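S.K.:
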Amino acid sequence: MATASAVLFANALPVLVDVDPETYCINPDLVEEAITPRTKAVIAVHMGGHPADLDRLKRITDRKKLAVIEDSSHAHASEWKGKRIGTFGVAGTFSFQSSKLMTAGEGGVIISNDEKFERQARSVHDCGRMPGEWFYSHFIYGSNYRLSEWQGAVLQAQLGRLDEQTKVRHRNARLLDRLLGKIPGITPQKLDDRCTRNGQYAYIFHVNKKEFAGIATDRFIAAMNAEGIPNQASYPPLHQLHMFRNGEYRKRLCGKQAKERHAFLKRRFPVTQRAAWETVWIPQPALLGDEEDVEEMAASLSKIQKHAKDLA
Ligand SMILES: Cc1ncc(COP(=O)(O)O)c(C=O)c1O
Numbered sequence: 058m059a060t061a062s063a064v065l066f067a068n069a070l071p072v073l074v075d076v077d078p079e080t081y082c083i084n085p086d087l088v089e090e091a092i093t094p095r096t097k098a099v100i101a102v103h104m105g106g107h108p109a110d111l112d113r114l115k116r117i118t119d120r121k122k123l124a125v126i127e128d129s130s131h132a133h134a135s136e137w138k139g140k141r142i143g144t145f146g147v148a149g150t151f152s153f154q155s156s157k158l159m160t161a162g163e164g165g166v167i168i169s170n171d172e173k174f175e176r177q178a179r180s181v182h183d184c185g186r187m188p189g190e191w192f193y194s195h196f197i198y199g200s201n202y203r204l205s206e207w208q209g210a211v212l213q214a215q216l217g218r219l220d221e222q223t224k225v226r227h228r229n230a231r232l233l234d235r236l237l238g239k240i241p242g243i244t245p246q247k248l249d250d251r252c253t254r255n256g257q258y259a260y261i262f263h264v265n266k267k268e269f270a271g272i273a274t275d276r277f278i279a280a281m282n283a284e285g286i287p288n289q290a291s292y293p294p295l296h297q298l299h300m301f302r303n304g305e306y307r308k309r310l311c312g313k314q315a316k317e318r319h320a321f322l323k324r325r326f327p328v329t330q331r332a333a334w335e336t337v338w339i340p341q342p343a344l345l346g347d348e349e350d351v352e353e354m355a356a357s358l359s360k361i362q363k364h365a366k367d368l369a
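What the sequence shown shows, in this note's numbering, is residues 58 to 369, in sequence order.
#1: Look at Gly256 and Leu345 and say whether their C-beta atoms are less than 8 angstroms apart.
#2: Could you name the residues whose beta carbon sits closer than 6 angstroms to any heavy atom belonging to ligand 1, keeping them in chain order?
#3: Does the beta-carbon of Ser169 have 16 or more other beta-carbons within 10 angstroms, so that it is buried, or is it exposed?
#4: Count the other CB atoms within 10 Å of the CB of Ile197; is the residue buried (16 or more) or exposed (fewer)?
#5: In chain order, what are the residue ranges of uninterrupted beta strand (DSSP E) at least 3 long that sit wholly in the region 212 to 264?
#6: Taking the alpha carbon of Gly242 as the reference point, which residue from Ala270, Arg228, Thr253, Asp250 has its own alpha carbon closest?
#7: In the structure shown, what three-state DSSP assignment does Pro287 receive?
#8: Three or more C-beta pairs closer than 8 angstroms, one from the region 327 to 337 and one from the region 293 to 300: is that the case here?
#9: Does the region 245 to 259 touch the region 314 to 328, meaning 3 or more C-beta pairs lie closer than 8 angstroms?
#10: Give the range of the beta strand (DSSP E) segment to which Asp128 is assigned.
#11: Going by alpha carbons, who is nearest to Lys267 out of Ile240, Ile142, Asn282, Pro287?
#12: Would you report the Cα separation of Phe151 and Asp367, rounded to the nearest angstrom?
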């Protein structure tokens with residue numbers, strides 16, 4: 058919701074497209090189809106830390122002269138072909154909210170190599186001031202989105218540990234890939250060959266209930282809780298949230314756009330449905346343990362499968 062809200066905050070319409078069935082990141086084929094002369098930018102969320110297909114997205118946006126914004130809120134220190142994510146588009150955004158890979162309780166950062174964009178962003182986050190100008194001159198509409206010095210200090214300490222922790226999470230996640238890959242009906246989020254490092258905000262896997270005596274995802278999650286494996290459910294599909302269903306989002310739009318039909322909101326988004334209701338996420342702190350912890354997680358999931366009939 059945060060990604061779509063950022064677009065609405067700018068009084069623009071977030072046009073949604075379905076995701077890739079293997080990585081759960083934005084599907085570039087559908088991006089291409091959704092572009093119209095009114096499109097300004099493409100925002101890709103690097104889901105669970107796994108980068109969206111930046112090669113294909115860049116090819117499309119370069120051809121169409123559109124900006125790419127990388128929502129890297131799940132993906133601190135992830136890499137695409139050896140290069141840090143957040144550096145491929147005009148801007149990369151990172152969240153420091155409490156569940157994230159680096160946190161100051163709340164807050165976030167935008168990175169950019171585009172000087173014009175950077176000045177504008179600094180101005181929005183500092184009440185419309187411009188870097189280098191008199192403190193009491195205000196050029197555009199902005200607000201106070203400044204991170205405090207105290208939060209900066211907390212984050213700086215975490216930045217020092219980020220590489221080491223990312224290595225542990227990436228390594229444990231690859232072990233989970235191998236172990237969970239052997240359990241019939243469990244399909245881990247695919248690791249694209251070009252993802253050279255996954256920050257792994259979450260370890261995402263799909264559960265085919267047919268292999269688990271037909272039990273629903275919430276039953277599966279209850280069994281994981283009973284086994285003591287930390288987990289969280291996936292996000293619900295955006296287009297089904299009240300704000301989009303009841304038309305409230307239109308209040309952020311202007312002119313013709315506020316009144317016209319937004320046909321994409323009537324779509325079913327089948328891959329998103331599958332990702333939302335049939336995947337389970339193991340959150341990042343649980344990936345900081347050792348090999349034995351990971352083996353225990355896999356053994357517990359096998360146990361759930363073995364007893365699925367009783368659970369059903
Ligand atoms: C993908 C994604 N984008 C953006 C955000 C928003 O970050 P923040 O809460 O720091 O605004 C979050 C989570 O909160 C997120 O998961």
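Using N, Cα and C, we set each Cβ at its ideal position, and we do this for glycine too. Predicted model, so just to flag it, every value in this text is computed and none were measured.
M.R.: Considering the structure as presented:
#1: One-based indexing of the sequence shown puts residue 256 at position 199. One-based indexing of the sequence shown puts residue 345 at position 288. No.
#2: Answer in sequence order: Ala59, Thr60, Val102, Asp128, Ser130, His131, Ser152, Gln154, Gly165.
#3: The residue you call residue 169 lines up with position 112 of the sequence shown. With 16 or more other Cβ atoms within 10 Å, it is buried.
#4: Indexing the sequence shown from 1 puts residue 197 at position 140. So Ile197 ends up on the exposed side.
#5: Taken in chain order, the complete beta strand (DSSP E) segments of 3 or more residues contained in the region 212 to 264 are 243 to 245, 252 to 254, 259 to 264.
#6: Taking the sequence shown and counting its residues from 1, one reaches residue 242 at position 185. Selected option, being the one with the closest Cα: Ala270.
#7: On the sequence shown, residue 287 is found 230 positions in, with the first residue counted as 1. Residue state, collapsed to three classes: coil.
#8: The answer is yes - the region 293 to 300 touches the region 327 to 337, with three or more Cβ pairs under 8 angstroms.
#9: Cβ pair count under 8 angstroms is below three, so no.
#10: Translated into positions along the sequence shown, residue 128 becomes position 71. Note, Asp128: beta strand (DSSP E), 124 to 128.
#11: Looking up residue 267 in the sequence shown gives position 210. Residue nearest to Lys267 within the set Ile240, Ile142, Asn282, Pro287 is Ile240 (criterion: CA-CA distance).
#12: Numbered from 1 along the sequence shown, position 94 holds the residue referred to as residue 151. Numbered from 1 along the sequence shown, position 310 holds the residue referred to as residue 367. Rounded to the nearest whole angstrom, the CA to CA distance from Phe151 to Asp367 is 43 angstroms.
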